[in-house]
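**Q**
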Amino acid sequence: MKYGTPESIAAAAGQVLYEVDETAGIAYLTLNRPEKHNAMSVPMRDRIIDLMAEAGDDARVRVIVIRGNGKSFCSGNEINEQWGQKRPHERRRTLTVGYRYGADMAWGRLGFSQAISRSPKVTVAQLHGYCAAAAYFMIACKADVVTAAEDTRIGALEARFLGPAGAVASVHINRILGMKAARRTGFTAMPMSGTEAHHLGLVDTVVPAADLAAATGEIASAIATRPPGHLLYLKSRLRAAEGVMDTSVPSITGLLVSHFLQSGPDEMDFWKTAKAVGVGGALDADKKRKGAADPRTGVTA
Amino acid sequence: MNDGTVELTKDHDRHIATITIRRPAAGNLMTRAMATAFAAHLADADEDDDVKAVLIRGEGDDLCAGWDPADAWEQYTDAPGGAVRKHPSQRARLIALDDAWWGRNGLYQRLLHCRKVTIVEARGRCWDTGLYLVLCADLVVAAGDATFGSPRWHNVGVDGDMSLLFATVGLKRAKELMYCNVAWSAPTALDHGLVDRVADDAAQGATELAAMCASIMRDGIVTEKYAVFASLEKLGVGLSFAATTVVGASLSNIHFQPGEFNFLREVRHEGAEAALARSRADLEIR
Amino acid sequence: MTAVDLRTADGRAYIEVPSFAPLTAHDPDFAGRLAAAVVEASDDDHVKAIVLRATGPDFAPATPTGFPSVAGTPTTWHRAFAASTAVYQATCFAKKVVVAEVRGACHGAGSALLLCADLAVASEDAAFGSPFLDVPESNFVLAALTIRLNRAKSWLLRGQTYTAADALRIGLVNRVVPTGRLRAETERMTAAVRGMPLDGVTMSKMLQQAVYDAHGVGREFDLADHYAIHRAAVGSGLAEERA
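Chains D, A and R are the protein sequences, given in the same order.
Following this note's numbering, the numbering of the first sequence begins with 1046 at its first residue and continues without gaps.
Following this note's numbering, the numbering of the second sequence begins with 16 at its first residue and continues without gaps.
Following this note's numbering, the numbering of the third sequence begins with 265 at its first residue and continues without gaps.
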């Protein structure tokens, strides 16, 4: 069963592009919704799951590059669709729907992030602009190799009004960034630059934005020239070792976060505000609150 | 010199509680009584819905220069089974270390399992107990003069947490603190991921960070902290703390070889202050 | 037969070999004697620190792996490279502090051994190749805990060689010094270990082993046979690569 409106389901094919460079052995999965910073709708995420499976099965493909068109890699999940209001096809959100697209999408065994982290092929995420929220912890932190522009803004930027949603608790993220940086990104909602993410170890290669595509292509091509049997061996080694380290997330976390969090009387109700003045307006209102860090302010590259 | 206190103040308007270690003349060396008071303040902050973040700081020049060795022996003799024979039993040593420090009601676990965001303002010496406070808290803002290490390990062996240390700074860097009689400067600690920021004014930096954390919704903070508690189990921290208690109790009665600096005898004969000073004379700041 | 020399002085044991490349070549005799030297040094009450040193210009120059068949993996190969008594676990779980002194090239098993050491000193000309491409018994969990997960993944998949400066930046080694000062730096670092009480060193290493196991290091060692059989089955593709 596919969730979404007829319009959003129909749009998904054009919002996630897919092409295979047969000679190089590289599949490109490109987020293409630039007017929304490539925010992912539910049908877009469904399509990514399908495309990851297709690339996994395709013997020509050795490396999968995930990237975004426009100003940003991806700003996360489409919030108006999933969270802000009731969707036309459901009178109220049930746990069946919410679990599939909230908790399980993020952290569970059947979800979206597993399609990326459990791929038999080598995955490369190419980050620029914003890499926020779900794009941060479900794509960037799940890919094998990450490249980034120096001024990328990476992090759990939604944490202030949605809670850190597992960004601190993820064992995986603690192993990638170290314990303090995992806490810092989740509990302050501050973005880290591509340069900082490279220093912490999330990002393998950081370059000026203009050089990003070329640098990523070089890395992907070099990996893709290794013999396929060897690559499959290395990837299965990785999966086994991560199992041994137990890097998965206590998936129950997301359930609480995605359904039952309430704002206090003295806290901004993000959804109510977003409904009234739009997401941008809600972000502006949020910025004016005491102590808040605006995720849209620049980062030191 | 057993005169330290730990105080709690709360600013409900800004949603920040502050715990201050007050024993400045002794570098805020921590006693068992102070640890117990500290843990009680954390419980208080946990219960207060108008507190979102807890700031931890020390009065004077240092956050905390260590665990007070003068107090160490007494905590063993006071524990159940501690005064039956001349030397405290192993069960007494285990119980004492568990109750006040490493167990579920001990200072370090209480800090690690605080439901609110915890932020340390690290100044001067952050050694032994001071280092564990830094490791168990969520976030750390360091002053330029802060140093981080556990010189105690050089004198008796590593009797403290390794799991948080490994997961925070990596294996080889952790072992420099464990085996090389080294403490890190603030810039080194920042580079290695032990602290979040180095600030000229650490008090202001820590307050800013606390305000940022306090701008997050309460439900978000507390649910995430509970998720963190689950993930600490997956990171092996619970097992590590239990092993630490056993090793700590064992190290409290190790034998020294001829020619080795006998820290425990030095404490008995020369007093805690002199023993500490001598044992730390060769500590290298890197 | 490659010499494995063990001598002790001033609270340290020095294990010296021309290079550690025979480990990459999967020479079971060399691996056995190296493991025995580590255990002997570890058992010696006069030793608190164990130094692993190559007397030649390179710690572990690149060399063909000499890998056995799928059928040979569970027997001699297992005993020499994957068993709990074999060289890597003997080093990783030694009762004393192990220091790797690395100059020149450090490839294949050299890097696998480096990951098992507690501390490392390197010369400015040192270069660290990935242990994961052709040494299946190398421990990925140790790499992830040392240089963080994504760097370890990238080392495994891209197989890049780290310079000494990179290795210092990511926490793979503790100190980098000019080649002429390498031995002096090792002495300095081990002098600190020598200042610890003997029982304190041993007890610390016991606790370290428990914490390693909580983090999955032991479990990863136990999977070495599976990795080796898989690699032997696909031939690692290395022959294909050469062609």
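Note that CB positions come from ideal geometry on N, CA and C, so glycine has one too.
Would you list the residues sitting across from A:Phe-163 in a DSSP beta bridge?
**A** A:Cys-141 and A:Trp-199
**Q** Closer than 7 angstroms, Cβ to any Cβ of chain D: which residues of the region 33-65 of chain A, in chain order?
**A** none
**Q** Using a Cβ-Cβ cutoff of 8 angstroms, what residues of the region 448-461 of chain R are near chain A? List them in chain order.
**A** Met-453, Ala-456, Val-457, Gly-459, Met-460 and Pro-461
**Q** With DSSP run on the structure shown, which of helix, strand or coil describes D:Gly-1274?
**A** helix
**Q** Just to confirm, are A:Leu-179 and A:Cys-151 a CB contact at a threshold of 8 angstroms?
**A** In this structure, A:Cys-151 lies closer than 8 angstroms to A:Leu-179 by Cβ.
**Q** Using a Cβ-Cβ cut-off of 8 angstroms, state whether A:Arg-280 counts as contacting chain E.
**A** The chain labelled as chain E is not found among the protein chains of the depicted structure, namely D, A and R.
**Q** Give a yes or no on whether the minimum CB-CB distance between D:Asp-1189 and chain R is below 8 angstroms.
**A** yes
**Q** In three-state DSSP terms, what is R:Ala-390?
**A** Look at R:Ala-390 here: in three-state DSSP terms it is coil, with no helix or strand label.
**Q** Look at the alpha carbon of R:Ala-381 and the alpha carbon of A:Asn-43, and state the distance between them as a whole number of angstroms.
**A** Those two C-alpha atoms are separated by around 36 angstroms.
**Q** Can you give, in chain order, each stretch of the beta strand (DSSP E) that sits fully within the region 208-256 of chain A and has at least 3 residues?
**A** 212-214
**Q** By the criterion of Cβ-Cβ separation under 8 angstroms, what are the contact partners of R:Lys-417 in chain D?
**A** Asp-1189, Val-1190 and Leu-1283
**Q** So D:Gly-1200 packs on D:Met-1224, CB below 8 angstroms; how close in whole Å?
**A** Their Cβ separation, rounded to whole angstroms, is 16 angstroms, which puts D:Gly-1200 and D:Met-1224 out of contact at 8 angstroms.
**Q** Can you find at least 3 beta carbon pairs, one from the region 210-228 of chain A and one from the region 65-73 of chain A, that sit closer than 8 angstroms?
**A** yes
**Q** Pick out whichever of D:Phe-1118, D:Leu-1328 and D:Glu-1064 has its Cα sitting closest to the Cα of D:Ala-1179.
**A** Out of D:Phe-1118, D:Leu-1328 and D:Glu-1064, D:Phe-1118 has the C-alpha closest to the C-alpha of D:Ala-1179.
**Q** Report the neighbours of A:Met-193 on chain R: residues whose CB is nearer than 7 angstroms to its CB, in chain order.
**A** Ser-468
**Q** With a threshold of 8 angstroms between beta-carbons, can A:Gly-235 be considered close to chain D, or not?
**A** yes
**Q** Indicate whether at least one CB of chain D lies closer than 8 angstroms to the CB of R:Tyr-491.
**A** A Cβ of chain D is located within less than 8 angstroms of the beta carbon of R:Tyr-491.
**Q** Taking the alpha-carbon of R:Leu-406 as reference, which of R:Gln-424, R:Thr-427 and R:Ser-375 has the nearest alpha-carbon?
**A** Residue nearest to R:Leu-406 within the set R:Gln-424, R:Thr-427 and R:Ser-375 is R:Ser-375 (criterion: CA-CA distance).
**Q** Going by CA-CA distance only, name the one from R:Arg-297, R:Ala-318, R:Ile-314 and R:Arg-343 that's closest to R:Ala-488.
**A** R:Arg-343
**Q** Could you name the residues of chain D that R:Phe-357 contacts, counting a contact when the two beta carbons are closer than 9 angstroms?
**A** Here the premise fails: no neighbours, minimum Cβ distance about 17 angstroms.
**Q** DSSP on A:Leu-298, reduced to helix/strand/coil?
**A** coil
**Q** D:Gln-1307 CB to nearest chain A CB: under 8 angstroms?
**A** yes
**Q** With D:Asp-1103 and D:Val-1065 assumed to form a contact (beta carbons below 8 angstroms), what rounded beta-carbon distance in angstroms separates them?
**A** 7 angstroms
**Q** Excluding the five sequence neighbours on either side, which residues of its own chain have a C-beta within less than 6 angstroms of the C-beta of A:Asp-211, listed in chain order?
**A** Answer for A:Asp-211: Leu-154 and Val-155, listed in chain order.
**Q** Would you tell me roughly how many angstroms separate the C-alpha atoms of A:Phe-163 and R:Glu-401, rounded to the nearest one?
**A** 36 angstroms
**Q** At which residues does the beta strand (DSSP E) containing A:Thr-20 begin and terminate?
**A** Here the beta strand (DSSP E) through A:Thr-20 covers 20-26.
**Q** Can you list, in chain order, the residues of its chain with a C-beta nearer than 6 angstroms to that of D:Ser-1308? Leave out the 5 residues immediately preceding and following it.
**A** Asp-1314
**Q** Name the chain D residues that come within less than 7 angstroms of A:Val-132, Cβ to Cβ?
**A** Phe-1232
**Q** Would you check if the distance between the CB atom of R:Leu-471 and the CB atom of A:Thr-259 is smaller than 8 angstroms?
**A** Yes.
**Q** For R:Ala-492 and R:Val-498, what's the separation of their Cα atoms in angstroms?
**A** One C-alpha to the other measures close to 10 angstroms.
**Q** Are the C-beta atoms of R:His-494 and some chain D residue less than 8 angstroms apart?
**A** At least one chain D Cβ lies under 8 angstroms of R:His-494.
**Q** If distances are taken between C-alpha atoms only, which option among A:Gly-96, A:Gln-105, A:His-56 and A:Thr-46 comes closest to A:Ala-85?
**A** A:Thr-46
**Q** Report the option in D:Gly-1208, D:Leu-1207, D:Phe-1206 and D:Ala-1212 whose CA atom is closest to the CA atom of D:Cys-1186.
**A** D:Ala-1212
**Q** Could you tell me whether the Cβ of D:His-1275 comes closer than 8 angstroms to any Cβ of chain R?
**A** yes
**Q** On the criterion of 16 or more Cβ atoms from any shown chain inside 10 Å, does A:His-270 qualify as buried, or is it exposed?
**A** exposed
**Q** Please check the pair R:Val-437 and R:Val-366, which I expect to be a contact at CB under 8 angstroms, by giving their CB distance rounded to whole angstroms.
**A** Contact between R:Val-437 and R:Val-366 holds: their C-beta atoms lie close to 7 angstroms from each other, under 8 angstroms.
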